[in-house]
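Heads up, the sequence shown is in this note's numbering, so the first residue is 48 and it goes up one at a time. Cβ coordinates follow ideal geometry from the N, Cα and C atoms, glycine included. So the structure is just underneath, and the comments pick up after that.
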Amino acid sequence: MKTQDMNRDWTATAETLSRAVPYLQRFDDAIVVIKLGGHAMGSDEAMADFARDVVLLRLCGVNPVVVHGGGPQINRLLDKLEIKSEFVNGKRVTDAATVEVVEMVLSGIVNKKIVQAIQQQGGKAVGLSGKDANLMICEPTDPALGLVGTPTQMDPSLLKLLFEKEMIPVIAPIGAGRNGETYNVNGDTAAGAYAKALKADRLLLLTDVSGVKNAAGEVLTELKAAEIRQMTADGVIAGGMIPKTETALDAVEGGVRAAVIIDGRAPNACLLELFTEQGAGSMIRAD
Numbered sequence: 048m049k050t051q052d053m054n055r056d057w058t059a060t061a062e063t064l065s066r067a068v069p070y071l072q073r074f075d076d077a078i079v080v081i082k083l084g085g086h087a088m089g090s091d092e093a094m095a096d097f098a099r100d101v102v103l104l105r106l107c108g109v110n111p112v113v114v115h116g117g118g119p120q121i122n123r124l125l126d127k128l129e130i131k132s133e134f135v136n137g138k139r140v141t142d143a144a145t146v147e148v149v150e151m152v153l154s155g156i157v158n159k160k161i162v163q164a165i166q167q168q169g170g171k172a173v174g175l176s177g178k179d180a181n182l183m184i185c186e187p188t189d190p191a192l193g194l195v196g197t198p199t200q201m202d203p204s205l206l207k208l209l210f211e212k213e214m215i216p217v218i219a220p221i222g223a224g225r226n227g228e229t230y231n232v233n234g235d236t237a238a239g240a241y242a243k244a245l246k247a248d249r250l251l252l253l254t255d256v257s258g259v260k261n262a263a264g265e266v267l268t269e270l271k272a273a274e275i276r277q278m279t280a281d282g283v284i285a286g287g288m289i290p291k292t293e294t295a296l297d298a299v300e301g302g303v304r305a306a307v308i309i310d311g312r313a314p315n316a317c318l319l320e321l322f323t324e325q326g327a328g329s330m331i332r333a334d
């Protein structure tokens with residue numbers, strides 16, 4: 048016979064679960080596209096934590112789609128292979144040799160590492176790229192940048208079939224051209240394109256910052272599209288936050304219910320955003 052005293056931690060856990068019920072109901076069968084990058088990919092421990100959260104989302108009835116980056120891993124292999132890159136206006140030119148490395152790293156090394164992490168936590172994941180089943184057809188973003196693509200045609204039918212089987216798609220940001228080309232696509236851009244194609248309930252953009260801040264440096268928890276545009280025009284939103292907010296705006300104006308810029312360094316960031324009242328980032332909605 049075993050005896051055990053109740054303590055406050057256990058009571059707090061039960062209370063948290065109880066308070067999450069309305070949010071669990073709210074997101075039952077919802078589609079949530081998650082852009083994975085930054086800190087969450089920085090170590091095996093962080094990856095395992097992220098994978099555990101994604102598996103829990105699936106167990107709670109959410110249909111998660113993980114779209115990932117892999118810039119640092121690409122840079123390391125390019126250096127190892129002594130492939131030198133050219134840059135135009137600070138952006139890497141992706142030539143034929145570079146895109147082979149990009150696809151090798153993103154669709155191979157990084158993608159399968161994420162799939163394996165999810166499956167080690169008890170989930171069922173499938174690794175894909177935009178070239179599979181014509182998920183993402185691209186046109187060149189700028190001829191000067193070579194094989195850098197912008198999504199122009201999306202076919203999410205395969206992803207919907209995977210949802211029916213309770214499987215978690217993990218997608219590398221590689222796209223197909225209409226003439227057999229392979230395109231490197233910005234990870235945020237790819238995530239936004241999948242979210243729009245699926246009319247997702249949420250697009251979660253994991254970053255290494257706490258969220259969108261106002262001029263006083265305070266994190267804003269909810270913004271409308273017009274406010275984002277004004278803050279950008281005023282220079283309050285600047286630097287690396289501009290492409291994040293542009294992706295969020297494009298998504299919500301394309302039919303996604305809301306996009307959230309989340310601090311991926313925070314433990315259980317995705318769970319906090321979806322299943323608690325306070326959330327975990329800066330939510331952007333259409334006007």
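Exposure of residue i, with buried meaning 16 or more beta-carbon neighbours within 10 Å
i: R105; result: buried
i: T50; result: Residue confidence for T50 is low, a pLDDT of 47 falling below 50, so the modelled location carries little weight and cannot support an answer.
i: A285; result: exposed
i: N136; result: exposed
i: G108; result: exposed
i: S154; result: buried
i: A226; result: It should be pointed out that residue 226 corresponds to Asn in this sequence rather than to Ala. Counting Cβ neighbours within 10 Å, N226 comes out exposed, since fewer than 16 surround it.
i: L64; result: exposed
i: P314; result: exposed
i: G287; result: exposed
Extent of the continuous beta strand (DSSP E) to which residue i belongs
i: D310; result: A305 to D310
i: E133; result: Per DSSP, E133 belongs to no beta strand (DSSP E) and is neither H nor E.
i: L175; result: A172 to S176
i: K377; result: The structure shown has nothing for residue 377, since the chain only spans 48 to 334.
i: S204; result: It is not in any beta strand (DSSP E) - S204 instead sits in the alpha helix (DSSP H) that spans S204 to E211.
i: R332; result: G328 to R332
i: L194; result: No beta strand (DSSP E) holds L194; DSSP gives it neither H nor E.
i: P111; result: N110 to H115
i: K271; result: E269 to K271
i: T229; result: T229 to N231
Sequence-distant residues of the same chain with beta carbon closer than 8 Å to residue i, five excluded per side
i: A333; result: K271, A272, V299 and E300
i: L209; result: V173, I215 and P216
i: R66; result: T323 and E324
i: L206; result: V112, L182, P216, Y241 and L245
Assumed close pair residue i, residue j - CB separation to whole angstroms, cut-off 8 Å
i: G250; j: A242; result: Reading off the sequence shown, one finds Leu at residue 250, where the question assumed Gly. Correct: roughly 4 Å between the Cβ atoms.
i: A215; j: P69; result: Ala is not the amino acid found at residue 215; the sequence shown has Ile there. Their Cβ separation, rounded to whole angstroms, is 24 Å, which puts I215 and P69 out of contact at 8 Å.
i: L202; j: N181; result: It is Asp, not Leu, that sits at residue 202 in the sequence shown. Indeed they touch by this definition, with Cβ atoms about 5 Å apart.
i: V140; j: L192; result: 6 Å
i: P198; j: A247; result: Their Cβ separation, rounded to whole angstroms, is 15 Å, which puts P198 and A247 out of contact at 8 Å.
i: A144; j: I121; result: So it is not a contact: roughly 12 Å between Cβ atoms.
Residue closest to residue i, alpha-carbon to alpha-carbon, out of the options
i: G170; options: A316, V256 and V102; result: V102
i: K127; options: H86, A306, L192 and V148; result: V148
i: A336; options: A327, A305, G326 and S329; result: Any question about residue 336 goes unanswered here, given that the chain covers just 48 to 334.
i: V146; options: Q166, L125, K160 and F134; result: L125
i: V195; options: A164, V307, F134 and N158; result: F134
i: I308; options: S132, I81 and A244; result: I81
i: P119; options: I161, E211, M88 and R276; result: M88
i: E92; options: I165, S257, G326 and A219; result: I165
i: E186; options: T58, A223 and M330; result: A223
i: K160; options: S204, P190, K178 and F97; result: F97
i: A328; options: G282, T279 and S257; result: It should be pointed out that residue 328 corresponds to Gly in this sequence rather than to Ala. If we check each option's Cα against that of G328, S257 comes out closest.
Same chain, Cβ closer than 7 Å to residue i, neighbours up to 5 away in sequence not counted
i: A150; result: Ala is not the amino acid found at residue 150; the sequence shown has Glu there. These residues qualify, in order along the chain: I221 and T229.
i: G117; result: V152, L153 and V157
i: E235; result: In the sequence as displayed, the identity of residue 235 is Asp instead of Glu. Once the five neighbours on either side are set aside, the close Cβ partners of D235 are K82, L252, P290, K291 and T294.
i: D255; result: G85, H86, G311 and R312
Beta-carbon contacts of residue i that lie in its chain and below 6 Å, excluding the five residues immediately before and after
i: E265; result: none
i: Q168; result: A98, R99 and V102
i: K260; result: V266
N-terminal and C-terminal residue of the alpha helix (DSSP H) that residue i is part of
i: L182; result: Looking at the DSSP string, L182 is not in any alpha helix (DSSP H), and its letter there is neither H nor E.
i: P216; result: Counting along the chain, P216 falls outside any alpha helix (DSSP H), though it belongs to the beta strand (DSSP E) covering I215 to A219.
i: M151; result: Counting along the chain, M151 falls outside any alpha helix (DSSP H), and DSSP gives it neither H nor E.
i: T292; result: M288 to E300
i: I121; result: G118 to K127
i: N158; result: N158 to Q167
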